[in-house]
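For the record, the sequence lines run as chains A and B.
Read in this note's numbering, the first sequence has 143 at position 143, and its numbers run on one by one without any break.
Take any residue in the second sequence, note its place counting from 1, add 1000, and you have its number in this note's numbering.
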Amino acid sequence: MKNNREIAKYQTFNKIITSAKEVIIKKGIINLKTLDVAKKANIAHGTLFSHFQTKDVLVSEICQTELKNIAVRLKEITRNQQINIASLLEKYLSLVAENEAFYIIIAKEFPFLSKPIQESIISNEVIIRNILYQKIEQGNYNVANITMTISFFFATVNYYLSRKEYFESGKGGLMNEKKNDIISTFLKLLT
Amino acid sequence: MKKICESCGMPMITAEDFGAKNTDNKYCIHCTDELGKLKPFEQKLTDMTHFIMRTSDLNKENAEKMAKETMSKMPAWKAYF
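Next comes the structure, spelled out in structure tokens:
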């Protein structure tokens, strides 16, 4: 049972995360200023640093939370042994679509992010990659290099995300427009 | 039953995901021995490095870095970082 102080601390923590994510979507990670986050969260600038020592720690926490959430939801659907790789990829791309603005920032800015943030993203992507890897492995596909095949998938997704303004034709979101084509092309790599 | 392994961060959903298939275990099947006991740090670091190399195509040096990055944030290995 948490006391009132712990509850307030937890609420402030979540408020910072939510506010930071909103600022990131608007301004990007590179241009993120902790002062803007504090203003958005309606807290003192110093309060933010009592929860997150640096901007890198804050951004790493957000990336970790986002990617872990995707990993958990993918893992949940693999409980159903009948689920196939196409359905798993469809779920993954739908989850990306739900937070598309955030993943566009990651795709566009990744090369310019600090090492700690990059490492946080990669180490959490590993968990998602493993879920896909296991599903492909169980499927007995005739694929020479599962790891690289998965990299083709992620590279394609990032390619479209990083150039969204050139590929999106409607208002339903780029991933929603492209996911069926990405999945059907990927499946051809597995035959 | 949904939990995150406190050693490697893997989501644990079904009993098969938990160490010794015990859903009270804080650690996953990959981080524990057959009795559900957490593996030693060095062994886990080696296992995780190889696991990352296999699934992510990183070279050994970077895979080990990622493994350390992951483990450093996990409650099980706090004392090692």
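Backbone N, C-alpha and C fix where the C-beta goes; we use that ideal spot for every residue, glycine too.
Strictly under 8 Å for the Cβ-Cβ distance: is A:Ile122 near chain B by that measure? For the purposes of this step, residue 122 of chain A is taken as the residue at position 122 of the first sequence. By this cut-off, A:Ile122 is an interface position.
So, B:Lys1065 versus A:Glu61, is the Cβ gap smaller than 8 Å? Translated into the one-based positions of the second sequence, residue 1065 of chain B becomes position 65. Translated into the one-based positions of the first sequence, residue 61 of chain A becomes position 61. Their beta carbons are not under 8 Å apart, which means B:Lys1065 does not touch A:Glu61 by this criterion.
For chain A, is any of its Cβ atoms less than 8 Å away from the one on B:Glu1069? Here residue 1069 of chain B refers to the residue found at position 69 when the second sequence is read from its first residue. True, the Cβ-Cβ gap to chain A drops below 8 Å.
Would you tell me roughly how many angstroms separate the C-alpha atoms of A:Phe152 and A:Asn69, rounded to the nearest one? The sequence position of residue 152 of chain A within the first sequence is 152, counting from 1. The sequence position of residue 69 of chain A within the first sequence is 69, counting from 1. For A:Phe152 and A:Asn69, the distance between alpha carbons rounds to 23 Å.
Limits of the unbroken alpha helix (DSSP H) element including A:Ile128: Walking along the first sequence from the start, residue 128 of chain A turns up at place 128. Where A:Ile128 is concerned, the enclosing alpha helix (DSSP H) stretches over Lys115 to Gln138.
Is A:Ile127 close to chain B, meaning its C-beta is less than 8 Å from at least one C-beta of that chain? The count along the first sequence starts at 1 and reaches residue 127 of chain A at position 127. By this cut-off, A:Ile127 is an interface position.
Distance, B:Lys1021 Cα to B:Met1010 Cα: The sequence position of residue 1010 of chain B within the second sequence is 10, counting from 1. The sequence position of residue 1021 of chain B within the second sequence is 21, counting from 1. Whole-angstrom Cα-Cα distance: 15 Å.
Entirely within the region 21-102 of chain A and at least 4 residues each: give me those alpha helix (DSSP H) ranges in chain order. 34-41, 45-51, 55-77 and 85-98
Any contact of the region 178-189 of chain A with the region 93-112 of chain A, i.e. 3+ C-beta pairs under 8 Å? yes
Could you list which residues in chain B have their beta carbon closer than 7 Å to that of A:Lys75, in chain order? Reading the first sequence from its first residue, position 75 is the one you call residue 75 of chain A. What A:Lys75 touches in chain B: Pro1011 and Ile1013.
Considering only DSSP beta bridges, list what B:Phe1018 is partnered with. Here residue 1018 of chain B refers to the residue found at position 18 when the second sequence is read from its first residue. According to DSSP, which records beta bridges pairwise, B:Phe1018 is partnered with B:Cys1028.
According to the Cβ coordinates, are A:Val23 and A:Val37 closer than 8 Å? Here residue 23 of chain A is taken as the residue at index 23 of the first sequence, counted from 1. Here residue 37 of chain A is taken as the residue at index 37 of the first sequence, counted from 1. A contact, by the Cβ cut-off of 8 Å.
Secondary structure of B:Leu1038, DSSP reduced to three states: Walking along the second sequence from the start, residue 1038 of chain B turns up at place 38. In this structure, B:Leu1038 counts as strand in the three-state DSSP scheme.
Buried or exposed for B:Ser1056, going by 16 or more other Cβ atoms inside 10 Å? Working through the second sequence from its first residue, we reach residue 1056 of chain B at position 56. It counts as buried.
Min CB distance A:Ser151 to chain B below 8 Å: Counting from one through the first sequence, the residue named residue 151 of chain A turns up at place 151. Answer yes: the Cβ-Cβ gap between A:Ser151 and chain B drops below 8 Å somewhere.
Short CB-CB distance (under 8 Å) between A:Lys2 and chain B: Locating residue 2 of chain A in the first sequence gives position 2, where the first residue counts as 1. By this cut-off, A:Lys2 is not an interface position.
How far does the alpha helix (DSSP H) with B:Ala1063 in it extend, from its first residue to its last? Taking the first residue of the second sequence as position 1, residue 1063 of chain B is located at position 63. Per DSSP, B:Ala1063 belongs to the alpha helix (DSSP H) from Lys1060 to Ser1072.
Find out if the Cβ-Cβ distance for the pair A:Phe167, A:Tyr160 is shorter than 8 Å. As a working note, residue 167 of chain A is residue 167 in the first sequence. As a working note, residue 160 of chain A is residue 160 in the first sequence. It is a contact, given that the beta carbons lie within the stated cut-off.
Please confirm if A:Arg163 has its CB atom under 8 Å from at least one CB of chain B. For this step, residue 163 of chain A is matched to residue 163 along the first sequence. Chain B, which has no Cβ nearer than 8 Å to the Cβ of A:Arg163, makes this no.
Is B:Thr1070 closer than 8 Å to B:Cys1008 when the C-beta atoms are compared? The sequence position of residue 1008 of chain B within the second sequence is 8, counting from 1. The sequence position of residue 1070 of chain B within the second sequence is 70, counting from 1. For B:Cys1008 and B:Thr1070, yes; Cβs fall inside 8 Å.
Could you please give the first and the last residue of the uninterrupted alpha helix (DSSP H) stretch that includes A:Tyr159? By one-based count along the first sequence, residue 159 of chain A stands at place 159. Ile146 to Ser162 is the extent of the alpha helix (DSSP H) around A:Tyr159.
Any beta carbon from chain A within less than 8 Å of B:Lys1065's own beta carbon? Mapped onto the second sequence, residue 1065 of chain B falls at position 65. Judged by the 8 Å Cβ criterion, B:Lys1065 is in contact with chain A.
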